[in-house]
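**Q**
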Amino acid sequence: MLEGVFINDLVQQSRTRGIPLVIVMNSWDNPSTKRAVVGQPDWLLVWGPQTRNHAIRFMQMPPERAVPFGAAQFDIFREKPRVDRATFAVRHEINSTSKIILFAGSSARTDEVAALSALDRAIEEGKLPRAAVVYRPHPWGEGGRNGARIASARWRHVKIHEAMRDYVTRLATGPVGMTLPDYRDTNDLLSVIDIVVSPLSTILVEGMLHAKPVVVFAPQGVQGSEILNNRLPQFHFEDFLAVPHVGRAATFDELVAVLRPLVEAVEGSPIGAELRRAGEEFVASFERPWGERFVEFLESEVCRTNPSASPIAAAE
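So for the sequence shown, this note's numbering puts the first residue at 4; every next one is plus one.
1. A221: which of A118, V8, P65 sits nearest, CA to CA?
2. According to DSSP, W158 sits in a beta bridge with which residue or residues?
3. Could you tell me which whole alpha helix (DSSP H) segments of length 4 or greater appear in the segment 208-284?
4. So, using beta-carbon positions, are L193 and K162 closer together than 8 Å?
5. Let me know the alpha helix (DSSP H) ranges lying completely inside the segment 27-62, each 4 residues or longer, listed in chain order.
6. Determine the contact status of A154 and L174, defining contact as a CB-CB distance below 8 Å.
7. According to the neighbour-count rule (16 or more other Cβ atoms, all chains shown, within 10 Å of its Cβ), is M167 buried or exposed?
8. Could you give the residue range of the beta strand (DSSP E) that holds V200?
9. Applying the 10 Å Cβ sphere with the 16-neighbour rule, what's the burial state of A276?
10. Measure the beta-carbon distance from V218 to L262 and round it to whole angstroms, keeping in mind my assumption that it falls under 8 Å.
11. According to the Cβ coordinates, are A320 and S30 closer than 8 Å?
12. Rank R139, G42, T176 by C-alpha distance to the C-alpha of D12 and give the top, closest one.
13. What span of residues does the beta strand (DSSP E) with F91 cover, start to end?
14. Does the structure place the segment 236-252 close enough to the segment 99-109 that three or more beta carbon pairs sit under 8 Å?
15. Does the segment 84-94 come within contact of the segment 56-72, defined as at least 3 CB pairs closer than 8 Å?
16. According to DSSP, is L13 part of a helix, a strand, or is it coil?
17. Quick one: any contact between the segment 78-89 and the segment 123-138, if contact means 3 or more CB pairs under 8 Å?
18. Let me know if G21 comes out buried or exposed under the rule of 16 or more other beta-carbons within 10 Å of its beta-carbon.
19. What is the residue span of the alpha helix (DSSP H) that F300 lies within?
20. Is it buried or exposed for A318, if we count other Cβ within 10 angstroms and need 16 for buried?
21. Buried or exposed for D256, please, with buried defined as at least 16 other CB atoms from any protein chain shown within 10 angstroms of its CB.
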């Protein structure tokens, strides 16, 4: 994490004491919008080529010291999901032959209830034939603006992700605060759905890593939010929005229009595979587990380095 009370003290003291400092980014925007650090660590392990470029550009990291290393939390995506599509469909009262649209909430405080209601109507009216929606609220997004309404909403074609049902129930009584999701649940979910829609959240990248078509829903006006408007131009999102085949919609009608061909697409569409390849720009992939590679990195790059010479020069 490149912000916090002690990050600058850590950089300064490690340099003064001749202790090599390795910092690991833990979120997509760390090297660009959360780079609240003066000076540089000796090494910065980033997610992929995009964040390496950001570290060099915005943090003035020496190129050889900004290392694409993947994301430890995404290692679980290599594992076999614990649930198959048929079982998932039964648990969510969905026809297993339906195209399953995941609407993943964000922390941008948009009107997610309005978006879910619009999708429910579109399916009911046949504009998105043979489709169903699974809603997964952001773990600290509170269901969007006035999200407590979700607990009492009555939709025919929108189902709450089973791992977040308790969260939604608690929303009815007031703010829930920050929760930490189990990435096994995320892997299970992304393995069985067909399309990911979100108002700007990291789950869009996670969907790409699962070879799923992704759609950025960035509503304007009363359905949008100032937070969302401020995030859209941010560098990490700007690169993402430029990826071919990443869908984008700003109104409910546009969202339905973007989703319809994805819902009607036959199995085996090449879009998913192309998006998975594009996803490696954001999160580098490796055969070996993150932790195993990290130990090797410390042994081969850090421990062999003279802590009173090269690492200090690199930090300077």
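Note that beta-carbon positions come from the ideal geometry of N, C-alpha and C, so glycine has one too.
**A** Considering the structure as presented:
1. Locating residue 221 in the sequence shown gives position 218, counting from the first residue. It is A118 whose Cα lies nearest to the Cα of A221.
2. If you number the sequence shown from 1, residue 158 lands on position 155. Partner(s): none; W158 has no beta bridge.
3. 229-234, 238-244, 255-267, 274-282
4. Position 190 of the sequence shown, counted from the start, is the residue given in the question as residue 193. Position 159 of the sequence shown, counted from the start, is the residue given in the question as residue 162. No, the Cβ-Cβ distance between L193 and K162 is not below 8 Å.
5. 52-62
6. By 1-based counting over the sequence shown, the position of residue 154 is 151. By 1-based counting over the sequence shown, the position of residue 174 is 171. Yes, the Cβ-Cβ distance between A154 and L174 is below 8 Å.
7. Position 164 of the sequence shown holds residue 167. It counts as buried.
8. In the sequence shown, counting from the first residue as 1, residue 200 sits at position 197. Counting along the chain, the beta strand (DSSP E) containing V200 begins and ends at 198-201.
9. What you label residue 276 is simply residue 273 of the sequence shown in a count that begins at 1. Under this definition A276 is an exposed residue.
10. Here residue 218 refers to the residue found at position 215 of the sequence shown. Here residue 262 refers to the residue found at position 259 of the sequence shown. Indeed, because the Cβ distance is near 7 Å, the residues count as touching under 8 Å.
11. Absent from the structure is residue 320, since the part of the chain shown begins at 4 and ends at 319.
12. For the purposes of this step, residue 12 is taken as residue 9 along the sequence shown, with counting starting at 1. Closest by alpha carbon: G42.
13. Counting from one through the sequence shown, the residue named residue 91 turns up at place 88. Careful: F91 lies outside any beta strand (DSSP E), inside the alpha helix (DSSP H) at 88-94.
14. no
15. no
16. Counted from its first residue, the sequence shown places residue 13 at position 10. Residue state, collapsed to three classes: helix.
17. no
18. Translated into positions along the sequence shown, residue 21 becomes position 18. So G21 counts as exposed.
19. Your numbering for residue 300 matches position 297 in the sequence shown. Run containing F300: 293-300, per the alpha helix (DSSP H) assignment.
20. In the sequence shown, counting from the first residue as 1, residue 318 sits at position 315. Residue placement at A318 is poorly supported in this model, since its pLDDT is 35, which falls under 50; the coordinates are not used for a value here.
21. The sequence position of residue 256 within the sequence shown is 253, counting from 1. By the 10 Å Cβ count, D256 comes out exposed.
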